[in-house]
Each structure stands twice: as structure tokens, then as C-alpha cells.
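Be aware that the sequence shown starts at 1, since it is given in the UniProt record's numbering, and climbs by one per residue. Glycine residues also receive a C-beta, built at the ideal position from the N, C-alpha and C atoms. Only one structure is covered here, and it is reproduced in the block below.
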Amino acid sequence: MTPRPDGTPVANEGSPLDHSLALPPATPVGARSTTGVAVMAHLRSQTSALVQAHALLEGDSPDAVHAARVAARRLRSGLRVYGDLLRDDIATQLRPELSWYAGRLSPARDLEVFDLWLRSPDGDTDAQPTRAQIGASLIPWLRRRREHVLHEALVELRSERAAALLDLLVAVARAPRFTRIARRRASTLLAPRVLRADRQAVRPLGHLRPDDSPEAWHRARISAKRARYAAEVGASALGRPCAELAHLWASISEPLGEAQDATIQRTLVLERVSDASTPLSAAEAFTFGIFVASTRHREVACHREARNIWLDARHEHARIRRAMSGIGV
């Protein structure tokens with residue numbers, strides 16, 4: 001295949017309507033790759049992941065909801081990093097549609113995560129009430145609720161809107177049209193963009209305290225995940241320092257995700273308490289009340305863990321940033 005000026009190979013430019021068709025493999029990415037090649041590799045890998053997961057949603061395959069949602073979010077975050085390198089304002093078209101797609105699956109995923117958490121061993125053996133005690137009366141309600149919200153989501157994801165999104169994603173991933181700047185070395189062009197996302201993620205960690213509001217910490221989590229995804233975009237071209245940066249933000253994002261899980265669990269239990277269609281016994285109401293109170297303690301503990309990870313990693317983070325700043329210079 002003859003490469004374009006930006007270094008990307010030319011593929012069949014027809015937009016495939018059959019999403020089961022495999023995307024062409026991306027050219028391997030390395031330190032000497034153009035930005036266009038690196039971006040195309042990310043577009044193809046994540047579009048392929050989304051198309052495959054989307055096809056499994058109808059059968060309610062295990063992990064399909066999670067995989068589809070993550071792929072949509074990785075694509076959206078990637079477009080934040082390199083969207084201006086794509087012609088025809090494609091990123092502006094795709095990003096809100098990817099947000100919509102991922103958002104339709106969020107309620108079902110929240111219920112899945114809570115169900116899994118209730119069925120996993122208690123981390124604190126002295127915790128009262130135990131997960132088993134809560135799950136005995138809550139899991140049936142969670143599963144009925146998940147079945148309902150997933151059905152609603154699938155109705156929308158069978159729509160022309162969802163089909164148009166997948167058509168456009170596959171067309172762009174097969175034959176992306178880049179601006180002239182995408183012909184530049186990826187190590188030169190992507191490093192400043194990754195560092196910008198990293199800088200935005202660092203900012204809130206300098207002043208947040210463990211008992212600050214869940215909303216403030218959730219915003220910090222979003223920034224941390226964006227930094228992680230940005231680093232993942234650049235890792236193949238930028239090498240080990242960028243991969244280390246992605247790992248660092250993943251380690252911080254994990255306890256922040258657990259804190260957000262506790263927030264969502266509190267909301268879901270309160271919704272269960274207010275569900276008049278299935279009244280609670282006095283014992284269940286008491287158990288749920290204790291659990292709701294415990295979620296705030298879990299949030300604060302997870303915030304503290306994330307903050308401690310960051311404090312312990314600051315010198316390593318500074319070393320990584322210095323290494324990243326020297327890439328492509």
C-alpha cells in the first residue's frame with residue numbers, strides 16, 4: 001500500500017456497513033513513526049474493541065457492557081488528544097456521540113459492579129453488615145433493575161443514531177484523513193499533548209483532602225483517567241516513560257474508582273429503600289441504613305489511599321515528566 005504524506009497507508013476508503021468486517025491492521029508504531037500512524041493505530045484498536053463488544057450486547061455476554069463502555073471512553077479521550085489532527089471536524093462529530101453511547105450503558109454497568117461487589121469476599125472481615133447480609137435482599141432487586149435499564153439502553157443502541165456512529169467510526173478508522181501536521185514524528189507531536197493531560201490531572205491532587213466532597217474527588221478521577229488514556233495513546237511511540245505515566249495514573253485511578261463505586265452504591269440503596277413496589281422489612285431497613293452510613297467511610301478511605309499513592313509517587317512522577325520532556329527534542 002502506498003503511504004499518504006502523513007505516513008499512513010491507504011486502505012479501502014469505502015465505509016463498511018457490515019461492522020463484522022475486520023479493520024485492516026495498523027502499521028506497527030515505534031519511536032520513528034509519524035503521528036498519523038500512531039493515531040490510526042489507536043483509532044483502529046479501540047474501534048475494533050467497540051465494534052466487537054457492541055455485537056455482544058444483544059446476547060448479554062459477560063463483560064460486554066463494560067468493554068463497550070470502556071472502548072467508547074478511550075476513543076473519546078483519544079480524540080481529546082489528537083482530534084485536531086483529523087480533517088472535516090470529525091472529532092467534534094464523534095466525541096458527543098461517544099459520550100452518549102457510553103452514557104446509555106452507564107446505569108447497567110453501575111448495577112453490574114454493585115452486584116459483583118456484593119458477591120465478592122468482604123475486604124474487612126469485621127465489617128457489619130456483611131456483603132452477604134446486604135446482598136441477600138438487594139441482589140434480586142439489582143438484577144431486575146439491570147434487566148430493565150439494559151433493555152432501555154439496547155433499544156437506543158439499535159437506533160439509526162448508534163448505527164451512524166459505528167459507521168462513521170469504522171470509516172474514519174479504516175481511512176483517517178489527517179491534517180498536514182500529522183506527518184510529523186509522533187514522539188515530537190504527542191509528548192506535549194500527553195504532558196498537558198498529565199498536568200491537568202496533577203492540579204486537583206495538590207489541594208484535595210480525603211474528606212472533601214465526593215463530587216470534587218470524582219472530577220479528580222475523571223482528570224486522572226484522561227491522563228491515563230492520553231498516556232496510553234502515546235505509549236507505543238513515546239516508549240517506556242509514557243507507559244510508566246499510564247501505569248502511575250492507573251494506580252491512582254483505582255482507589256478513586258472504588259470511592260465512586262461507594263457513592264453510586266449509596267444512591268442505589270436509597271433508591272431501593274424508596275421503592276414502594278417491594279417494601280422492606282424492619283430488619284432490612286436497619287441493615288441498609290447502616291450500609292448507607294458506611295459508604296461515606298469507604299469514600300474517605302479510598303480518597304486517602306489515592307492521595308497517599310500520589311504523595312509517594314511525586315518524585316517518580318517528576319522523573320517521568322523530565323524524561324517525557326526530552327523525547328523528540
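Query	Result
What is the rounded straight-line gap between the Cα of R185 and the Cα of A235?	14 Å
Are the Cβ atoms of H303 and L208 separated by less than 9 Å?	yes
Is the distance from the Cβ of S253 to the Cβ of R221 below 9 Å?	yes
Please report the Cβ distance between L138 and R272, rounded to the nearest whole angstrom; I am assuming they are in contact, meaning their Cβ atoms lie under 8 Å.	6 Å
In the DSSP assignment, the alpha helix (DSSP H) including residue 331 goes from what residue to what residue?	What the structure shows of the chain is the stretch from 1 to 329, and residue 331 is not part of that stretch, so it cannot be assessed.
Looking only at its own chain, which residues have a Cβ that is under 6 Å from the Cβ of E13, when we skip the five neighbours before and after it?	In this prediction, E13 scores a pLDDT of 41, lower than 50, which makes its location untrustworthy; the coordinate-derived value is nonetheless stated afterwards. Within the same chain, E13 has close Cβ partners A175.
Taking DSSP as the reference, what is the three-state secondary structure of L86?	strand
Can you list, in chain order, the residues of its chain with a C-beta nearer than 6 Å to that of S159? Leave out the 5 residues immediately preceding and following it.	none
Which whole runs of the beta strand (DSSP E) in the segment 219–263 are 3 residues long or more, in chain order?	none
Classify residue 334 as buried or exposed, calling it buried when 16 or more other Cβ atoms lie within 10 Å of its own Cβ.	Given that the chain is displayed from residue 1 to residue 329, the structure contains no residue 334 and the question cannot be resolved.
What's the gap between the Cα of R4 and the Cα of P107?	Because R4 carries a pLDDT of 49, less than 50, the predicted location of this residue cannot be relied on, and no value is offered for it.
Within the continuous alpha helix (DSSP H) that includes F291, where are the two ends?	282–325
Distance check for A246 and A262, CA to CA, integer angstroms please.	24 Å
State the DSSP-derived secondary structure class of residue 346, mapped to helix, strand or coil.	Only positions 1 to 329 of the chain appear in the structure, and residue 346 is not among them; the question remains open.
So, does the segment 80–96 touch the segment 121–132, judging by three or more C-beta pairs under 8 Å?	no
Taking the C-alpha atoms as reference points, what is the distance between E316 and A282?	52 Å
Note down, in chain order, each residue of its chain lying with its Cβ closer than 6 Å to the Cβ of residue 331, except the 5 sequence neighbours on either side.	The displayed coordinates of the chain run from 1 to 329. Any statement about residue 331 would go beyond what the structure contains.
Measure the beta-carbon distance from S77 to A230 and round it to whole angstroms, keeping in mind my assumption that it falls under 8 Å.	7 Å
Return the residue from the list F178, L166, G239 that minimises the CA-CA distance to V194.	G239
Would you list the one or two residues that DSSP bridges to F178?	L86
Just the C-alpha distance for R296 and A102, rounded to the nearest angstrom, thanks.	27 Å
Alpha carbon to alpha carbon, what distance is there between W310 and T34?	33 Å
When the distance is taken between beta carbons, is A276 closer than 9 Å to A227?	no
Would a C-beta distance cut-off of 9 Å place R183 and L86 closer than the cut-off?	no
Could you give the DSSP three-state label for R65: helix, strand or coil?	Before going on, a small fix: residue 65 reads as Val here, not Arg. In this structure, V65 counts as helix in the three-state DSSP scheme.
Between residue 345 and Q46, which are expected to be in contact by the criterion C-beta below 8 Å, what is the C-beta distance as a whole number of angstroms?	Not covered by the structure: residue 345. The range shown for the chain is 1 to 329.
What did DSSP end up calling R209 once you bin it into helix, strand or coil?	coil
Assuming L23 is part of the alpha helix (DSSP H), what are its boundary residues?	From DSSP, L23 is part of no alpha helix (DSSP H); its letter is neither H nor E.
With distances taken from CA atoms, which of Q260, A259, G257, A285 is nearest L270?	A285
Quick one: Cα of L165 to Cα of H151, how far?	20 Å
Helix, strand or coil, according to DSSP, for A276 in the structure here?	coil
Who are the near neighbours of E156 in its chain, counting only those whose CB is closer than 8 Å to its CB and skipping five residues on each side?	R104, A162
Rounded to the nearest angstrom, what separates V37 and T278 at their Cα positions?	55 Å
Whose CA, out of A306, V113, G83, lies closest to the CA of Q265?	V113
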